[in-house]
Ligand SMILES: C[S@@+](CC[C@H](N)C(=O)[O-])C[C@H]1O[C@@H](n2cnc3c(N)ncnc32)[C@H](O)[C@@H]1O
């Protein structure tokens with residue numbers, strides 16, 4: 011068993027549970043558990059292609075890869091398949107269990123993939139500073155409750171010459187504030203009543219596309235194509251649940267993210283913004 015279960019992991023698990031019970035945190039890991047039923051080779055291939063494209067590499071042979079907030083574990087698996095030595099870490103024990111289940115399923119006796127419970131906000135649960143060739147933290151730092159401390163801690167794990175690949179929610183001004191309120195209401199409701207928020211949000215997010223696709227003859231064209239249209243092997247439904255539920259929730263502008271990392275000695279090598287819209291801006295920085 012490569013999973014670390016020590017006293018600090020148990021304390022983190024208790025803290026995590028308290029945040030869930032206090033309605034301050036969404037249970038990301040429970041959503042990932044359901045998503046894993048959909049996992050297949052095509053989705054794994056999409057995840058690998060996303061890493062290859064953004065990191066501008068064919069493979070990750072002889073590279074070390076730290077996956078902070080590993081979620082389903084899909085990107086740890088993708089990095090391992092590309093040849094990296096991988097360490098996966100997540101705050102949610104269900105996410106850790108998902109990642110561990112992928113490790114057991116695809117690389118059961120592999121010493122080059124370890125998983126652990128940890129928090130990017132707690133330095134003592136993280137590997138030493140400047141120790142990884144690639145630090146990957148996609149869609150995580152804005153869900154910690156302190157995204158700039160999280161960003162600082164993640165960046166500090168990148169070795170000189172190494173790369174940092176992060177994705178952070180775009181700041182949409184009043185729209186982001188309205189989404190924060192929606193997420194708070196969603197999490198405050200008992201599980202059996204959350205559909206009252208989830209369904210109208212799904213209609214708001216997907217309605218226009220479905221109407222457009224209906225005129226083109228196939229109402230579910232975009233919905234069904236979601237997992238293989240540059241969405242990293244994700245699923246339309248589980249991404250909606252993750253978006254509507256995802257709390258804590260913070261946002262940032264591309265300028266803020268770029269300046270923050272420039273001040274810490276990073277150079278931007280690739281970026282994909284969501285053009286002012288809803289979703290994540292993606293960044294790859296290199297530590298010079
Ligand atoms: C939206 S998911 C993203 C998962 C994965 N990185 C991906 O790209 O599919 C966010 C993940 O961040 C984790 N997370 C939230 N706060 C964290 C923290 N303080 N430290 C580490 N992971 C955290 C959540 O448990 C969840 O699994």
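Residue numbers (the working numbering): 11 to 298.
For every residue, glycine included, the Cβ atom is placed at its ideal position computed from N, Cα and C.
Asked                                                                                                      : Found
Residue burial classification, residue 264 (beta-carbon count within 10 angstroms, cutoff 16)              : buried
Whole-angstrom distance between residue 280 and residue 64, CA atom to CA atom                             : 7 Å
Beta-carbon gap between residue 73 and residue 94 smaller than 8 Å                                         : yes
Secondary structure, alpha helix (DSSP H): runs of 4+ residues fully inside the segment 148-228            : 157-166, 184-198, 205-225
Ranges of the alpha helix (DSSP H) found wholly within the segment 23-69, counting only runs of at least 4 : 38-45, 51-65
For residue 141, three-class secondary structure by DSSP                                                   : coil
Residue 280, enclosing alpha helix (DSSP H) - first and last residue                                       : Here residue 280 belongs to no alpha helix (DSSP H); instead the beta strand (DSSP E) covers 276-282.
Which listed residue (127, 180, 115, 172) has its alpha carbon closest to that of residue 275              : 172
With 16 other Cβ atoms within 10 Å as the buried cut-off, status of residue 277                            : exposed
Backbone CA spacing between residue 132 and residue 139 [nearest angstrom]                                 : 13 Å
Heavy atom of ligand 1 within 7 Å of residue 38 beta-carbon                                                : yes
First through last residue of the alpha helix (DSSP H) which encompasses residue 249                       : 246-255
For residue 103 and residue 127, believed in contact at Cβ under 8 Å, the rounded distance                 : 6 Å
Own chain, CB closer than 8 Å to residue 238, minus 5 neighbours either side, in chain order               : 52, 56
Bridge-paired residues (DSSP) for residue 97                                                               : 76, 124
Helix, strand or coil at residue 106 according to DSSP, with G and I counted as helix                      : helix
Residue 13 (DSSP reduced to helix, strand or coil)                                                         : Because residue 13 sits at a pLDDT of 47, beneath the cut-off of 50, its placement in the model cannot be relied upon, and the point is left open.
Short Cβ contact (8 Å threshold) for residue 38 with residue 252                                           : yes
Per-residue DSSP class, three states only, for residue 294                                                 : strand
Residue 236: CB within 7 Å of a non-hydrogen atom of ligand 1                                              : no
Alpha-carbon spacing of residue 111 relative to residue 121, whole angstroms                               : 15 Å
Alpha-carbon to alpha-carbon, residue 233 and residue 203                                                  : 24 Å
Cβ distance (whole Å) where residue 142 is taken to contact residue 175 below 8 Å                          : Going by Cβ atoms, the distance from residue 142 to residue 175 rounds to 11 Å, so no, they are not a contact pair.
Member of 160, 144, 149 whose CA lies at the smallest distance from the CA of residue 168                  : 144
7 Å CB neighbourhood of residue 68 in its chain, flanking five on each side removed                        : 62
CB contact flag (residue 153, residue 258, <8 Å)                                                           : yes
When 215, 268, 269 are compared against residue 246, the one with the closest alpha-carbon                 : 215
Same chain only: Cβ atoms within 6 Å of residue 255, ignoring 5 sequence neighbours per side               : 36, 196
Residues surrounding ligand 1 [beta-carbon distance to nearest heavy atom under 5 Å]                       : 38, 79, 81, 100, 101, 102, 105, 129, 130, 131, 148, 149, 150, 153, 154
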